[in-house]
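Residue numbers (the UniProt record's numbering): 1 to 679. For each residue, glycine too, the CB sits at the ideal point set by N, CA and C. One structure below.
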Ligand code: ADP
Ligand code: MG
């Protein structure tokens, strides 16, 4: 057998199980090794029976003292009970509906039992423990036990069986693909050791060491992959766009560009004239005016006889871009259209035809733009707005719609520069670190329930003065009912403020329904918009001057900052009120940061420091290949090292020709649903 073999070759794994394993993405032996335990039970904490206390999860080494007795306590419920003892005392053990486990135990034999203790004194009972025989002359039973992710129909035993078989196929003599100098410098286990330790640790220290290696490995591969993507693109020929200037475009705007916008535009312009394809990330705080930069690129592309596309994360945002950019482009006779999911099939078809013929020069849309049936006449530039929702692979797909079009991605959430350079290692980065003039910072308050009536009065007052109000509710997930859903909260608010016009917007509505509500709010036909975070990105209603965020403690700081960027866009003095300050000290401290600063980069740093990156980016929102263990920025120092090492290695061996095993691993990591990214 080899690691590339199907798990079907393992004894006892039949077609039914194979289908179940597939749900865990396990098809081959290698896949089994790649499926790491999600947790470990530490059974090294073996204590005398007498010391076991209620509520503890512990291990005891004890002898079965009485024959297990099984009783039916009610229909469908059997209880098996027996007593065990060691030199210090005795304990009850019970199993529910599991007489077979108990029946296999032998009276007088010593076992390691691991489980939770219930009851006190003579009634102390260990409930449904895991157990293993302690045999004289044999090594002690496995004390640190892996707990694998499961799916219905599979048990831990099944996972143990396939991983054991796969571990047996590991070749301990095989050379590690990780360059030796690096392994030494960071005191890393070899790959084989790490895999062994992550699946079958002898101690939790083994787990920690294995993790260290695996994390470094992931980050290193990631950095190598991103650097290779960048490297490879640098060799490609791109479209040299030499016509037109940003200055000509600035004349079309109703305002003067900020210094930061000019700088970023200059960088874009340099890129697209260079004859190499541009791959640039624009980072900037909410409201810093990134859209204008998308427009500069589209404008220049059109001046050079090419089409341009702007990809937005939501339909609402796509139509807002259309509204703000359409008139600007129209001044120059540039045709611009939205390819949206909410139009009739006929309109859609017509739109696609015009894109294919080149009649439409600038196309704005959502993910729909990257679907197969959209073809361009001559696509020269692509903008992905609010990048974190698009993956590396989606960018690649879009890229293929033209002949290496210039690509600009605009990030929604500011992230610290060092982190950006790593995460977007395949891109060049421009930073827009200046807000347009005349913005007054949004005054932010963190409040508790006690303030609720006063906040309602404040809402009413803002509307009386001609302003509009957003009320944001977190997404309600199953089983989390105490949170307010947008719909319920909207209805409740309507009772409290019966004379105000209230609209509700949430993710489950159809795009056309959303548009109706959003447009009504934008047109001033609604006073209050109660919404989930669907309004997070991009929508622009300058008359909105107050945002009230319910259960604000449930959001990340960066997300809250992003949300409040929806107000303070017009002349009115603007406010943001966050409920949740009464939900504990931690919530209070976090919300305080938001009240103290309006700098998105600073907030991002605080957010990262407090919550760690998993939450910061959301699940897979960073758009990178799936990392199983590296907690991206939580390991920032390690990541920095990995990046440096990757760069060092690639500068000597840019195509990884001399490191075939490493190269294979990088390609494996970047392989995705659409196939190979490297090909
Ligand atoms: P974001 O960076 O969050 O995407 P936008 O591009 O939506 O920001 O810009 C926010 C608002 O600022 C828009 O209404 C836009 O018209 C305006 N704006 C952008 N640049 C300038 C500028 N240089 N001067 C004045 N207003 C500007
Ligand atoms: Mg934007």
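DSSP three-state assignment for residue i, whether helix, strand or coil
i: residue 15; result: helix
i: residue 652; result: helix
i: residue 451; result: helix
i: residue 53; result: coil
i: residue 365; result: strand
i: residue 321; result: helix
i: residue 122; result: helix
i: residue 519; result: helix
i: residue 618; result: Because residue 618 carries a pLDDT of 46, less than 50, the predicted location of this residue cannot be relied on, and the following value inherits that uncertainty. Residue state, collapsed to three classes: coil.
i: residue 424; result: coil
i: residue 78; result: strand
i: residue 299; result: helix
i: residue 561; result: helix
i: residue 92; result: strand
i: residue 268; result: helix
i: residue 339; result: strand
i: residue 306; result: coil
i: residue 129; result: strand
i: residue 406; result: strand
i: residue 70; result: strand
i: residue 490; result: helix
i: residue 662; result: helix
i: residue 280; result: strand
i: residue 110; result: strand
Residue i versus residue j: straight-line alpha-carbon distance, rounded
i: residue 52; j: residue 646; result: 50 angstroms
i: residue 80; j: residue 125; result: 12 angstroms
i: residue 78; j: residue 70; result: 7 angstroms
i: residue 437; j: residue 287; result: 11 angstroms
i: residue 538; j: residue 644; result: Below a pLDDT of 50, predicted positions are generally treated as unreliable, and residue 538, at 49, falls in that range; no measurement from the model is reported.
i: residue 89; j: residue 197; result: 35 angstroms
i: residue 636; j: residue 249; result: 40 angstroms
i: residue 289; j: residue 557; result: 21 angstroms
i: residue 348; j: residue 190; result: 55 angstroms
i: residue 404; j: residue 375; result: 14 angstroms
i: residue 343; j: residue 512; result: 8 angstroms
i: residue 353; j: residue 414; result: 37 angstroms
i: residue 562; j: residue 571; result: 19 angstroms
i: residue 8; j: residue 20; result: 12 angstroms
Cβ shell of residue i (< 7 angstroms), same chain only, five flanking positions each side left out
i: residue 480; result: Residue placement at residue 480 is flagged as unreliable, the pLDDT there being 49, under the threshold of 50; a coordinate-derived value is accordingly withheld.
i: residue 259; result: 434
i: residue 252; result: 328, 331, 332
i: residue 520; result: 503, 526
i: residue 653; result: 659
i: residue 303; result: 243, 244
Chain-order list of residues whose beta-carbon lies under 6 angstroms from that of residue i (same chain, five-residue window excluded)
i: residue 617; result: The predicted position of residue 617 is uncertain, since its pLDDT is 49 and thus under 50; no value can be drawn from it.
i: residue 72; result: 78
i: residue 424; result: 281
i: residue 442; result: 564, 567, 568, 574, 576
i: residue 221; result: 665, 666, 669
i: residue 580; result: 551, 552, 553, 587
i: residue 17; result: none
i: residue 336; result: 326, 329, 362
Test item: CB-CB of residue i and residue j under 8 angstroms
i: residue 550; j: residue 472; result: yes
i: residue 311; j: residue 384; result: yes
i: residue 94; j: residue 127; result: yes
i: residue 527; j: residue 315; result: no
i: residue 466; j: residue 239; result: no
i: residue 293; j: residue 265; result: yes
i: residue 459; j: residue 548; result: yes
i: residue 448; j: residue 582; result: yes
i: residue 200; j: residue 167; result: yes
i: residue 541; j: residue 468; result: yes
i: residue 151; j: residue 24; result: yes
i: residue 272; j: residue 300; result: yes
i: residue 419; j: residue 429; result: no
Contact test: residue i Cβ vs ligand 3 heavy atom, cutoff 7 angstroms
i: residue 284; result: In the structure shown, ligand 3 is absent; the only ligands present are ligand 1 and ligand 2.
Cut-off 8 angstroms between Cβ atoms - residues of its own chain near residue i, not counting five sequence neighbours on either side
i: residue 744; result: Nothing about residue 744 can be reported from this structure: the residues present for the chain run from 1 to 679 only.
i: residue 176; result: 183, 190, 191, 192
8 angstroms Cβ cutoff, residue i in contact with chain B
i: residue 467; result: Protein chain content of the structure displayed is limited to a single chain, and chain B is not contained in it.
Review point. Are the segment 91-110 and the segment 64-81 in contact at 8 angstroms, needing three or more beta carbon pairs?
Key: In short, these stretches touch, since the Cβ pair count reaches three.
Review point. Quick check: the segment 588-607 against the segment 493-507, are there 3 or more CB pairs under 8 angstroms?
Key: Contact between the segment 588-607 and the segment 493-507 is absent, because fewer than three Cβ pairs lie under 8 angstroms.
Point to revise | Any 3 or more C-beta pairs closer than 8 angstroms across the segment 142-155 and the segment 33-41 | key: By the criterion of at least three beta-carbon pairs nearer than 8 angstroms, the segment 142-155 is in contact with the segment 33-41.
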